[in-house]
Amino acid sequence: MAQARVTRAEVTPVTVTLDLTRYSSVQRLAAGPYAGVSPGRVVVHVGDAVVFFNSDDRHHTATSLGDATSFPQDPRWTDSVLHPSGSIGGGMWSSGDLAPGARSSPIPVTKPGTYLYGCFFDYSAGMRAEIIVEP
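With positions in the sequence shown counted from 1, the corresponding number in the working numbering is that position plus 246.
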């Protein structure tokens with residue numbers, strides 16, 4: 247399982263790459279199976295920021311699963327997640343719709359915890375992952 251650990255001495259924002267084709271092998275997290283995200287688990291700290299990069303030839307999002315502790319069958323997102331919003335640790339957040347080759351705006355990390363997220367377009371294909379936020 248791919249995992250990145252970020253220390254405070256490193257430059258932020260942390261970049262997470264979205265590509266359903268390149269990262270299509272199914273991996274497992276405690277929350278369930280995932281694919282299409284590298285790394286599948288990233289460890290960051292409060293005060294850092296995360297940028298999502300779409301290296302695929304399809305549109306993707308990185309969208310919060312709220313308080314979920316495992317990947318739900320259907321996240322029941324609305325089209326509002328196609329617009330960038332929120333902060334990691336501040337409730338719902340989304341990178342917004344990322345066209346091929348696009349990067350999200352830096353999403354601030356505000357509260358320790360484990361946060362699950364997925365792609366609005368390809369969630370059912372397993373495009374999901376987690377962010378662990380340490381103090």
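Beta carbons: idealized from backbone N, C-alpha and C, even for Gly.
Item: Buried/exposed call for HIS306, threshold 16 Cβ in 10 Å; Value: buried
Item: Helix, strand or coil at TYR361 according to DSSP, with G and I counted as helix; Value: strand
Item: Nonlocal neighbours in the same chain, by C-beta distance under 7 Å from VAL327, ignoring five residues either side; Value: THR307, THR309, SER340, PHE366
Item: 4 or more residues per run - each alpha helix (DSSP H) lying fully within the region 257–300; Value: none
Item: 9 Å Cβ cutoff met for ASP303 and GLY282; Value: no
Item: Among ASP343, PHE299, TYR269, THR267, the one whose alpha carbon lies nearest that of PRO330; Value: ASP343
Item: DSSP state of LEU344 mapped onto helix, strand, coil; Value: strand
Item: Beta-carbon separation (whole angstroms), TYR280 vs ALA375, contact threshold 8 Å; Value: 5 Å
Item: Pairwise C-alpha distance: PHE298 and SER350; Value: 5 Å
Item: Where ARG287 falls, given that 16 or more other Cβ within 10 Å makes a residue buried; Value: buried
Item: Between the CA atoms of VAL289 and PRO259 - distance to the nearest angstrom; Value: 12 Å
Item: Integer Cβ distance of ASP368 from LEU266, believed to fall under 8 Å; Value: 5 Å
Item: Proximity winner among PRO352, ILE353, PRO321, ALA314, relative to ALA277 (alpha-carbon distances); Value: ALA314
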